[in-house]
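Going down the list, the sequences are from chains A and B.
Reminder that position 298 of the first sequence reads as 298 in this note's numbering, one-by-one numbering, no gaps.
One rule links them: number in this note's numbering = place in the second sequence (from 1) + 502.
So the structure is just underneath, and the comments pick up after that.
Number of protein chains: 2
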Amino acid sequence: MPGGGNLVAFDLDRDGGGPLYRQLYAGLRQMILDGRLASGSRLPANRVLAQDMSLSRNTVATALQQLLAEGYVETRRGDGTYVASELPDAGPERRRPERPGHDPAQLRDDVARHYGLSRRGRTLAAIPRPSMHQAAAFAPGPDINAFPFDIWSRLLTRFWRRPGRDLAVSSDPGGYPPLKAAIAAYLGAMRGVRCEPGQIIVVSGAQQAISLASQVLLDHGDQAMVEEPGYGGIRGALTAAGLRIALTPVDDEGLDIAAGEARAPLARMVCVAPSHQYPLGVVMSLRRRLALIEWARRRQAWILEDDYDSEYRYAGRPLAALQGLDPTGRVIYVGSFSKVLFPSLRLGYLVVPPDLVDPFIAARRVLDEHTAMLAQPVLANFIDDGHFAAHVRRMRRLYAARQQALLDVAVKHLDGLLEVRADEAGMHLIAWAGAGLNGVMDDGRVARAAADAGIAAAALSTSYVGKPQRRGLMLGYAAHDETAIADAGQRLAAVMAASVTS
Amino acid sequence: MPGGGNLVAFDLDRDGGGPLYRQLYAGLRQMILDGRLASGSRLPANRVLAQDMSLSRNTVATALQQLLAEGYVETRRGDGTYVASELPDAGPERRRPERPGHDPAQLRDDVARHYGLSRRGRTLAAIPRPSMHQAAAFAPGPDINAFPFDIWSRLLTRFWRRPGRDLAVSSDPGGYPPLKAAIAAYLGAMRGVRCEPGQIIVVSGAQQAISLASQVLLDHGDQAMVEEPGYGGIRGALTAAGLRIALTPVDDEGLDIAAGEARAPLARMVCVAPSHQYPLGVVMSLRRRLALIEWARRRQAWILEDDYDSEYRYAGRPLAALQGLDPTGRVIYVGSFSKVLFPSLRLGYLVVPPDLVDPFIAARRVLDEHTAMLAQPVLANFIDDGHFAAHVRRMRRLYAARQQALLDVAVKHLDGLLEVRADEAGMHLIAWAGAGLNGVMDDGRVARAAADAGIAAAALSTSYVGKPQRRGLMLGYAAHDETAIADAGQRLAAVMAASVTS
């Protein structure tokens, strides 16, 4: 290609395309890779290129220097620039990746076939994880507008304007030591958890806690019991860890370990939320708690105690955690701050028996080193200075009033359609089919009709893996003010009335 | 136990022990669990208890209310309070967990035996991960004192004083959209990576990126090639994912895929740092890059491109990333901000082919939901407003001068002992055995002697899994100013001179 024929078959974007030398470099490189500029062919002189493309000679020279440095072109003394001869004759095909169609199921199949996703990659991708973050009533989650971000951002500045080495370089992969101390003190005083700060491992949330514990404590193919109905995120983490899941019934006293053991006598772990079962809200009886601990001791099995919303108790006193009841060190306690503070925080913790601290930290480091430090000193101070306790107290009042608003609108507008009972704790209530429906409801159908009307009422049946034993609607109230709750309750009544008569 | 004998066999800590009602509650509960207060026995009247323990009657009443709520005690009308009869006769043994001894190896065995750690838990715990965070020269890592934390903390306040829903509740598990856009623009302009923002997945760092890709793309028992010598963290992540590791030699042109394929013809992935191999610093030749891509295309295998320190290039221009060379979508590009900004940040990213975005995000959600949001808008703004580029430019000058200081002290004080050659990129140099040692050195022994003298010089041999082919010292210079480098260089000379003559 001597002299400078119509070399340049690409356009430069002189506005938003970035540095021109970079664009020229990229364009020439692509032509070389495409074979449009053949190996060994001569490039036009810089002067000619600059003229052709209305570029400065400096820009052209910079682009060619780059191509030279990367070996795409070579210079021969006194004889200009050539496309490198060392480019392999049979290079990879120069084509864009094929793009499968847009139908999700088709896409998943196509991706797996085209790209060769691993079997576990396909399993992971197929685990259902409905998004829980919606603004519509009755979506679950905390009220983020009530969080004291002014205090939070002030603390952020305090710690990060001139951080020391202890903040900029984490020295303890288990977590920032003052945060571990603050969590241990909080858990001891409020939850009856018996632990030293060293037993706390700060993680990115309950999901990672469960994922980590599953890998450290159980092997592929081992069996773990979960509550039925239960939280899908837990089942997902266990499945991802290669565990087999044994569904264990929950009754009015909570998870029934005797029934669980009868079904899965070799189970090595049980995941349980004794303080406030998700989604039913049952508090596990003392009798069942002691039986559970006895099972773990006898089987040398593990109890993963998920204390996901114990902060929000409106009446009575919270029961102490299982962990504090267990003299044998078989309980792994899991807590999270994302529900109490704000969801995108992604900060939680494990409390593990002293001898498991090192194995857990070692495993954690291999998976993702340690938890980011940015929030850790801020949260430690937020707890130590009483902001955490004050926030929880404020939210208790706020959420109690909202639960009452939900109960009120149910009596006033949903009578006969849905029956909603008060719960002493939590952030959602379950609405059961009322007398007007003869106690029977296709909760999935009602949830879909509600969604069409802009109401986020989840069907209880989606919390079952097996055949749903009970049906109802899960109505989150914490994130929605009384007006929104009253309004959504009336609209839900209209949706249901239409659905009953249709 | 009528009337109130010597019930109370525990002391209250009236200073630092927390609320007194809580202590009383906990003490009584423990006595019930221990059997010291037998099921069905009667408790003294509140009045008596209050007197015995010098507590207010209100404090006693609160503690007993709690025990009542939890079912440890029950009241009989007009007849006072009794230890609950429903406590099972044969409860779990009431003893503290047995604590194994303090010898680490013994401890690991004891823990595994006592607690029944899983096989993979033991594997994970046994993966060696030497701590990389030390303050002594020549420890690796960036200079955290040079990071503009003033700007960083100002941005933190800007975004978190009154965050919207898009920050407080992450809507995109792949990352904060403006951050993904900023990363994609940066990678396109500076690294020749071809991607849309939607292909970016924000993760907690390179460790998690490798861990995630291994699980999504490969199955247990699949083989992955790694560079020998190479980075231990990568091997750890692959091992944790159940992969078999194939060591692949690195020569002056970088990883030799032909040699790798001959040894491991069925390998499904290769992990490689083509821009600047760790730890040798080799830049992969274009010929090898194209051969690598051709291998991946032909084998339908994956290239995990670890571009861990590409920002720090002091001479010449950085080579474009492999990812931009690959027309077939077989490259997973991994980058991290923790090395460029500050280590405790824990923020990195993957660039995956468009069709793999959904499977990667789905898998990520199961493992730990998504990356915490706190740093994401801050970093996006830090990049968009040019602070990132300015910081990298400043650090390039700073680190280049420090590399020069290391070269200078080597010439001046280590001549004959160690031979140190300049590197156009990176944050450490390798010091090879000098002529005075006949080119031979027990690098592990020298590193230990140096450590005793307060110098953090890592032995190159620790980067090998197999028999070390080359020995040398890895000297990080980025985090240490010229004075510290000159001083540590002289001390290292003294250590080595003593070691040679001893």
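Every residue, glycine too, gets a C-beta built ideally from N, C-alpha and C.
Exercise. Excluding sequence positions up to five away, which residues of its chain have a Cβ less than 6 Å from the Cβ of B:ALA684?
Worked result: Numbered from its first residue, the second sequence carries residue 684 of chain B at position 182. Cβ within range, chain order: ALA882, ILE885, ASP886.
Problem set entry | Per-residue contacts from A:TRP152 into chain B (C-beta, under 8 Å) | Translated into positions along the first sequence, residue 152 of chain A becomes position 152. Result: TRP662.
Exercise. Does A:ARG165 get closer than 8 Å to chain B when you measure Cβ to Cβ?
Worked result: For the purposes of this step, residue 165 of chain A is taken as the residue at position 165 of the first sequence. Output row for A:ARG165: interface = yes.
For this session: In the DSSP assignment, find the alpha helix (DSSP H) that holds A:TYR72 and state where it starts and stops.
Result: Here residue 72 of chain A corresponds to residue number 72 of the first sequence, with the count starting at 1. Boundaries for A:TYR72: no alpha helix (DSSP H) harbours it, and the DSSP string shows neither H nor E there.
Exercise. DSSP on A:HIS556, reduced to helix/strand/coil?
Worked result: Nothing can be reported for residue 556 of chain A: it is not among the residues displayed for chain A, which extend from 1 to 502.
Problem set entry | Sheet register partners of B:ASP753 (DSSP bridge) | Walking along the second sequence from the start, residue 753 of chain B turns up at place 251. Secondary-structure assignment with DSSP links B:ASP753 through a beta bridge to B:GLY756.
Exercise. What distance in whole Å lies between the Cβ atoms of A:HIS276 and A:ASP309, which are believed to be in contact at a cut-off of 8 Å?
Worked result: One-based indexing of the first sequence puts residue 309 of chain A at position 309. One-based indexing of the first sequence puts residue 276 of chain A at position 276. About 6 Å; that satisfies the 8 Å criterion.
Exercise. Applying the criterion that 16 or more other CB atoms from any shown protein chain within 10 Å of the CB defines a buried residue, is A:ASP423 buried or exposed?
Worked result: In the first sequence, the residue the question calls residue 423 of chain A occupies position 423. Buried.
Problem set entry | Local conformation of A:LEU367 per DSSP, three classes | For the purposes of this step, residue 367 of chain A is taken as the residue at position 367 of the first sequence. Of the three classes helix, strand and coil, the one that applies to A:LEU367 here is helix, per DSSP.
Problem set entry | Presumed contact (8 Å Cβ cut-off) between B:PRO731 and B:LEU931, rounded CB distance | Looking up residue 731 of chain B in the second sequence gives position 229. Looking up residue 931 of chain B in the second sequence gives position 429. Actually they are not in contact, since the Cβ atoms of B:PRO731 and B:LEU931 sit about 15 Å apart, beyond 8 Å.
For this session: Using a Cβ-Cβ cut-off of 8 Å, state whether B:ALA874 counts as contacting chain A.
Result: Stepping through the second sequence from its first residue, residue 874 of chain B is reached at position 372. Yes, B:ALA874 lies at the interface with chain A (some Cβ there is under 8 Å from its Cβ).
Exercise. So with Cβ pairs under 8 Å, would you call B:LEU821 a contact of chain A?
Worked result: Taking the second sequence and counting its residues from 1, the one referred to as residue 821 of chain B is at position 319. Cβ-Cβ to chain A under 8 Å: yes for B:LEU821.
Exercise. Which ranges would you report for the alpha helix (DSSP H) in the stretch 425-457 of chain A if only whole runs of at least 4 residues count?
Worked result: Counting whole runs of 4 or more residues, the stretch 425-457 of chain A contains the alpha helix (DSSP H) stretches 443-452.
Exercise. Since A:THR157 meets chain B, which of its residues come closer than 7 Å, beta carbon to beta carbon?
Worked result: As a first step, residue 157 of chain A is located in the first sequence; it is residue number 157 there, counting from the start. Chain order gives the chain B residues near A:THR157 as SER655, LEU658, THR659, where near means a beta carbon separation below 7 Å.
For this session: Give a yes or no on whether the minimum CB-CB distance between B:GLN701 and chain A is below 8 Å.
Result: Against the second sequence, residue 701 of chain B aligns to sequence position 199. When Cβ-Cβ separations below 8 Å define contact, B:GLN701 makes no contact with chain A.
Exercise. What separation, rounded to the nearest whole angstrom, lies between the Cα atoms of B:GLY735 and B:ARG848?
Worked result: As a working mapping, residue 735 of chain B is identified with position 233 in the second sequence. As a working mapping, residue 848 of chain B is identified with position 346 in the second sequence. Distance between the alpha carbons of B:GLY735 and B:ARG848: 14 Å.
Exercise. How do the stretch 763-776 of chain B and the stretch 801-818 of chain B stand: do at least 3 beta-carbon pairs fall below 8 Å, yes or no?
Worked result: Yes, they touch.
Exercise. Is the CB-CB distance between A:ARG194 and A:GLY335 below 8 Å?
Worked result: Taking the first residue of the first sequence as 1, we reach residue 194 of chain A at position 194. Taking the first residue of the first sequence as 1, we reach residue 335 of chain A at position 335. Taking 8 Å as the Cβ cut-off, A:ARG194 and A:GLY335 do not qualify as a contacting pair.
Exercise. Counting contacts by CB-CB distance shorter than 8 Å, is B:ARG848 in contact with chain A?
Worked result: Counting from one through the second sequence, the residue named residue 848 of chain B turns up at place 346. Taking Cβ atoms only, chain A reaches closer than 8 Å to B:ARG848, which makes this a yes.
Problem set entry | Listed by chain order, chain A residues near B:GLU572 by CB distance under 7 Å | Within the second sequence, the letter at position 70 stands for residue 572 of chain B. Listed by position along chain A, the residues whose Cβ is nearer than 7 Å to that of B:GLU572 are LEU286, LEU319, ALA320.
Problem set entry | Three-pair Cβ contact test at 8 Å for the stretch 985-1000 of chain B versus the stretch 909-916 of chain B | Judged by Cβ distances under 8 Å, the stretch 985-1000 of chain B makes contact with the stretch 909-916 of chain B, as three or more pairs qualify.
Exercise. Would you call B:SER706 buried or exposed, if buried means 16 or more other Cβ atoms sit within 10 Å of its Cβ?
Worked result: The count along the second sequence starts at 1 and reaches residue 706 of chain B at position 204. When all chains shown are included, B:SER706 counts as buried.
For this session: Assign B:SER965 to one of three DSSP states: helix, strand, or coil.
Result: As a working note, residue 965 of chain B is residue 463 in the second sequence. Note: B:SER965 maps to helix in three-state DSSP.
Exercise. In chain order, what residues of the same chain have a beta carbon less than 7 Å from the beta carbon of B:ARG815, not counting five sequence neighbours either side?
Worked result: Walking along the second sequence from the start, residue 815 of chain B turns up at place 313. Short of 7 Å from the beta carbon of B:ARG815, and not among the five residues preceding or following it, lie these beta carbons of its own chain, in chain order: GLU926, ALA927.
Problem set entry | DSSP state of B:GLU730 mapped onto helix, strand, coil | Counting from 1 along the second sequence, the entry for residue 730 of chain B is found at position 228. In the displayed model, B:GLU730 falls within a strand according to three-state DSSP.
Problem set entry | Per-residue DSSP class, three states only, for B:ASP523 | By one-based count along the second sequence, residue 523 of chain B stands at place 21. The residue asked about is misnamed: residue 523 of chain B is Tyr in this sequence, not Asp. B:TYR523 sits in a helix when the DSSP states are folded into three classes.
Problem set entry | Own chain residues within Cβ distance below 7 Å of B:ARG549, not counting five before or after | Counting from one through the second sequence, the residue named residue 549 of chain B turns up at place 47. Excluding residues within five positions, the ones whose Cβ falls inside 7 Å are ARG559.
Exercise. Any contact of the stretch 285-292 of chain A with the stretch 395-412 of chain A, i.e. 3+ C-beta pairs under 8 Å?
Worked result: Contact between the stretch 285-292 of chain A and the stretch 395-412 of chain A is absent: fewer than three C-beta pairs spanning the two stretches fall below 8 Å.
For this session: Answer yes or no: the CB of A:PHE159 versus the heavy atoms of the ligand ZN, is any distance below 7 Å?
Result: Here there are no bound small molecules, and the ligand ZN is not part of this structure.
Problem set entry | Beta carbon proximity, B:GLY762 to chain A, threshold 8 Å | Locating residue 762 of chain B in the second sequence gives position 260, counting from the first residue. At a cut-off of 8 Å between C-beta atoms, B:GLY762 does not count as an interface residue with respect to chain A.
Exercise. Whose C-beta lies closer than 7 Å to the C-beta of A:LEU217 among residues of the same chain, with five residues either side of it excluded?
Worked result: The count along the first sequence starts at 1 and reaches residue 217 of chain A at position 217. The answer, listed in chain order, is MET269, TRP302.
Problem set entry | Among B:ARG950, B:ALA952, B:MET897, B:GLY968, the one whose alpha carbon lies nearest that of B:PRO644 | For the purposes of this step, residue 644 of chain B is taken as the residue at position 142 of the second sequence. Its Cα nearest to that of B:PRO644, the residue B:MET897 stands out among B:ARG950, B:ALA952, B:MET897, B:GLY968.
Exercise. Buried or exposed: A:VAL226, going by 16 or more other Cβ atoms within 10 Å of its Cβ?
Worked result: By 1-based counting over the first sequence, the position of residue 226 of chain A is 226. The residue in question, A:VAL226, is buried, as its Cβ has 16 or more Cβ neighbours within 10 Å.
For this session: Compute the Euclidean distance between the alpha carbons of B:GLU698 and B:ALA686, then round it to the nearest angstrom.
Result: In the second sequence, counting from the first residue as 1, residue 698 of chain B sits at position 196. In the second sequence, counting from the first residue as 1, residue 686 of chain B sits at position 184. Linking B:GLU698 to B:ALA686 through their CA atoms gives a straight-line distance of about 6 Å.
Exercise. Taking just the CA atoms, how far does A:ASN438 sit from A:ALA457?
Worked result: The residue given as residue 457 of chain A occupies position 457 in the first sequence. The residue given as residue 438 of chain A occupies position 438 in the first sequence. Here the alpha carbons of A:ASN438 and A:ALA457 stand approximately 20 Å from one another.
For this session: Consult DSSP for B:ASP808 and reduce its assignment to one of helix, strand or coil.
Result: For the purposes of this step, residue 808 of chain B is taken as residue 306 along the second sequence, with counting starting at 1. If DSSP states are grouped into helix, strand and coil, B:ASP808 belongs with the strands.
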